[in-house]
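Accompanying notes for the structure given below.
In the numbering used here, the protein residues as written are 25 to 547.
Printed below as a string of structure tokens:
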């Protein structure tokens, strides 16, 4: 369906459910439908535009339970008076151009999504009067001030809590740890929050996603989280965390973890082997190996995070639970990379760059058959490059630069695709894509890596993954295009970009059609 909504819908006096999701409709908000006893109105992903209005004049649907108008071009302030008088239970206003303050919500609302708009001001404490809230998403706006303490007290009912990518400041309010914490997703990344990490989260046994990255938290590693049985994503990058990363004594620490991001902090020392050996979620069963699909084709987004490739942030959307990434880059870890990492068969990304690592690259990396990017640059690694790395057919990005590696670079398969900057800063390396090895080039001694692997088992590990957004008033950029052009074309990235490009083209066609219609009307 394209064009305007047919006004004949106003004659459907028994219509209760109207869904026009993802069409080419270009129109203003259909307040003329208020005479229809609608319970659900779904207008998402179209070209609706204009004001809804700050009062109940333009929005008067006394029977409405569900209002979904996300991904359109609505502007102006939100209809505060209508919200207060309505009985809505589900409201989705995300990805529009609404501005102004956040209105008081009806006490009946259970799910409220208003991400990716231009809302400003502080989060009003009166929001806490909506005691039935289960999902709250205020991300990607311009909210300022502190998080109201009463919102943290709602953790006994809230399951999904997302305030990321705003300008919030101060500490996370301290509350007494609730015994019946319901939180599953707790996302506060990309703000200016500081202080200590919130201890009450240790009591949230249902927690699956914890993303506090890109803030100013100053604390030790939260080993008190390791007993959480369902924690899937732990993203603490780009803070002021410091000290050793050591276990708190749990028998099985972080048993379900898939994404572990401590990058860009001040951690030091060796990484405890106990964590590596208990990352059971990264090992996977036989049915999962070699058949990984972590960018799903369905519409439901499990989580959106991102990883850093050579200083460029790449967003990963629609993550499935087959994804496993470790990022410990830009810290002060030291010691050898333990061979036990080779057991984490679901790893697709590994980043240990910019640390003080020594020793050889473990031969066990040959078991990481799903690995798509590997960054060990800016360390003090020595020895040869294991030839088995060339057999990792999924490997699309490799950076071993600025180490003390020696000997010929492996040839064939993936290694024929890497450029010289993947190996630069290793004076002892030779062979394509570096200058050819001479007759007197240093040859590596007979492999002793089997012995090294045995001694490495008591060592540690590192990695890196970073969450990203587009910030208050900043346009969202597709940095993945740069990566595709500069670092080859991994299949998963191509598919993601194809979906993005398709959506942009579809939106452009709708916009051209709309502009063309306007032009014809003015001729």
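Where a beta carbon is used, it is the ideal one built from N, C-alpha and C, also for glycine.
Quick caveat, the model's predicted, so the values are computed rather than measured.
Burial state of residue i (16 or more Cβ within 10 Å)
{"i": "residue 407", "result": "buried"}
{"i": "residue 25", "result": "exposed"}
{"i": "residue 314", "result": "The predicted position of residue 314 is uncertain, since its pLDDT is 44 and thus under 50; no value can be drawn from it."}
{"i": "residue 282", "result": "buried"}
{"i": "residue 451", "result": "exposed"}
{"i": "residue 145", "result": "exposed"}
{"i": "residue 41", "result": "exposed"}
{"i": "residue 194", "result": "exposed"}
{"i": "residue 95", "result": "buried"}
{"i": "residue 56", "result": "exposed"}
{"i": "residue 167", "result": "buried"}
{"i": "residue 204", "result": "exposed"}
{"i": "residue 434", "result": "buried"}
{"i": "residue 220", "result": "exposed"}
{"i": "residue 436", "result": "exposed"}
{"i": "residue 50", "result": "buried"}
{"i": "residue 108", "result": "exposed"}
{"i": "residue 150", "result": "exposed"}
{"i": "residue 131", "result": "exposed"}
{"i": "residue 259", "result": "buried"}
{"i": "residue 276", "result": "exposed"}
{"i": "residue 369", "result": "buried"}
{"i": "residue 139", "result": "buried"}
{"i": "residue 440", "result": "exposed"}
{"i": "residue 110", "result": "buried"}
{"i": "residue 353", "result": "buried"}
{"i": "residue 388", "result": "buried"}
{"i": "residue 38", "result": "exposed"}
Same chain, Cβ closer than 6 Å to residue i, five either side skipped, listed in chain order
{"i": "residue 268", "result": "293"}
{"i": "residue 245", "result": "269"}
{"i": "residue 102", "result": "122, 127"}
{"i": "residue 210", "result": "185, 234"}
{"i": "residue 252", "result": "231"}
{"i": "residue 383", "result": "360"}
{"i": "residue 46", "result": "69"}
{"i": "residue 187", "result": "162, 212"}
{"i": "residue 291", "result": "269, 355"}
{"i": "residue 100", "result": "75"}
{"i": "residue 67", "result": "44, 93"}
{"i": "residue 159", "result": "135, 184"}
Counterpart residues of residue i in DSSP-defined beta bridges
{"i": "residue 397", "result": "373, 421"}
{"i": "residue 380", "result": "358"}
{"i": "residue 185", "result": "160, 210"}
{"i": "residue 234", "result": "210, 258"}
{"i": "residue 175", "result": "Per DSSP, none; premise fails for residue 175."}
{"i": "residue 195", "result": "218"}
{"i": "residue 143", "result": "124"}
{"i": "residue 49", "result": "27"}
{"i": "residue 432", "result": "454"}
{"i": "residue 364", "result": "Answer by DSSP bridge pairing: none, since residue 364 is not bridged."}
{"i": "residue 168", "result": "146, 191"}
{"i": "residue 292", "result": "268, 356"}
{"i": "residue 349", "result": "283, 373"}
Own chain partners of residue i with C-beta closer than 8 Å, once the 5 adjacent residues on each side are dropped
{"i": "residue 390", "result": "366, 410, 412, 413, 415, 416"}
{"i": "residue 98", "result": "53, 72, 73, 74, 75, 76, 117, 120, 121, 122"}
{"i": "residue 32", "result": "none"}
{"i": "residue 63", "result": "40, 41, 87, 88, 89, 90"}
{"i": "residue 248", "result": "223, 226, 272"}
{"i": "residue 454", "result": "431, 432, 433, 460, 461, 462, 465"}
{"i": "residue 307", "result": "367, 368, 369, 370"}
{"i": "residue 425", "result": "401, 402, 445, 446, 447, 448, 449, 450"}
Check: residue i C-beta below 7 Å from any heavy atom of the ligand ZN
{"i": "residue 255", "result": "Looking at this structure, you won't find the ligand ZN or any other ligand, since it has none at all."}
Close beta carbons around residue i, own chain, < 7 Å, minus the five adjacent residues each side
{"i": "residue 152", "result": "172, 174, 175, 178"}
{"i": "residue 133", "result": "112, 113, 115, 154, 156, 157"}
{"i": "residue 36", "result": "60"}
{"i": "residue 300", "result": "362, 364, 365, 485"}
Whole-number beta carbon distance between residue j and residue i, since they are thought to touch under 8 Å
{"i": "residue 54", "j": "residue 29", "result": "5 Å"}
{"i": "residue 361", "j": "residue 347", "result": "The Cβ separation is near 21 Å, so there is no contact."}
{"i": "residue 136", "j": "residue 129", "result": "6 Å"}
{"i": "residue 376", "j": "residue 403", "result": "7 Å"}
{"i": "residue 215", "j": "residue 192", "result": "4 Å"}
{"i": "residue 243", "j": "residue 262", "result": "At roughly 14 Å, the Cβ-Cβ gap does not stay under 8 Å, so residue 243 and residue 262 are not in contact."}
{"i": "residue 254", "j": "residue 278", "result": "About 10 Å; that fails the 8 Å criterion."}
{"i": "residue 351", "j": "residue 418", "result": "Not really, about 18 Å apart at Cβ, beyond 8 Å."}
is_contact[residue i, chain B] using C-beta, thresh 8 Å
{"i": "residue 171", "result": "The structure shown contains no chain B; it is built from a single protein chain."}
Discussion item. Quick check on the DSSP output: what are the complete beta strand (DSSP E) runs of length 3 or more inside the segment 55-134, in order along the chain?
Written reply: 64-66, 73-75, 90-92, 97-100, 114-116, 121-124, all fully within the segment 55-134.
Worksheet entry | Length-filtered (3 minimum) beta strand (DSSP E) runs lying within the segment 259-289 | Within the segment 259-289, the complete beta strand (DSSP E) segments of 3 residues or longer fall at 266-268, 283-285, listed in chain order.
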